[in-house]
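Student:
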Amino acid sequence: MKYWNKSKAKWMIAAVAALTLTVAIPISSVMAEDSTAEVRQVDKSAVGAPNVTIIRANGEVISPMEAGEWDYLGQRSTVSSQNPTNYVHSGGGDFKFQVASGPSGGAWYQLREYDPGSNADELVTGYEYLLYPGDTLIYRGIGSYVDGDNKKAEFYVYESFSGSGSVKYWD
């Protein structure tokens, strides 16, 4: 009788292990990070992949490509409409923003370049990014957005939710 119980116990352990693996593998595949889901093209005329780096809240800090340091430009609220008044000026080159506050479940963010009047604002790189509070987005080599008499780009962050959020800017 003792042999029967040990054999039955081994069979039961093997069955439970097999069942656990059968359930765990598909769930882990679904939970795995899918980087393609974190970036999506909005402007269909955009060509090539953007030179953008996403740094998650627990990620490392990256310094700018050019000589010097990041200049902090301040914190502003995000907007869900065009032609805002809370933009910051940039000399082009490298630019970054960090999500200071927003939905804890993440939201889609776009960097836009403000143009006054009836001229439509430009979506920088043609892509938007799924970001969470604490995440940082770094744009490299975006000097082509510098325009106007002041020889500056006027950047702001457009978001996909209708709540309140804020971002910190560096140039």
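Numbering (mature numbering (1 follows the signal peptide of the UniProt record, and there is no 0)), first residue to last: -32 to -1, 1 to 139. Positions of the beta carbon are idealized from the N, C-alpha and C atoms, including for glycine.
#1: Compute the beta-carbon to beta-carbon distance between Phe129 and Ala75, rounded to the nearest angstrom, for a pair I have assumed lies under 8 Å.
#2: Under the DSSP definition of a beta bridge, which residues are partnered with Leu79?
#3: Roughly how many whole angstroms lie between the Cα atoms of Pro52 and Asp89?
#4: Taking 7 Å as the cut-off, decide whether the C-beta atoms of Val67 and Glu81 are in contact.
#5: Are the stretch 99 to 110 and the stretch 58 to 72 in contact at 8 Å, needing three or more beta carbon pairs?
#6: So Tyr97 packs on Val7, CB below 8 Å; how close in whole Å?
#7: Do you know offhand how far Glu24's Cα is from Val114's?
#8: So, using beta-carbon positions, are Thr21 and Val135 closer together than 7 Å?
#9: Between the beta-carbon of Gly70 and the beta-carbon of Gly133, is there less than 7 Å?
#10: Put Gly42 into one of helix, strand or coil per three-state DSSP.
Tutor: From the atom records:
#1: 5 Å
#2: Val125
#3: 10 Å
#4: no
#5: yes
#6: 6 Å
#7: The question names Glu, but residue 24 in the sequence shown is Arg. Using only the alpha carbons, I get a separation of about 28 Å.
#8: no
#9: yes
#10: strand
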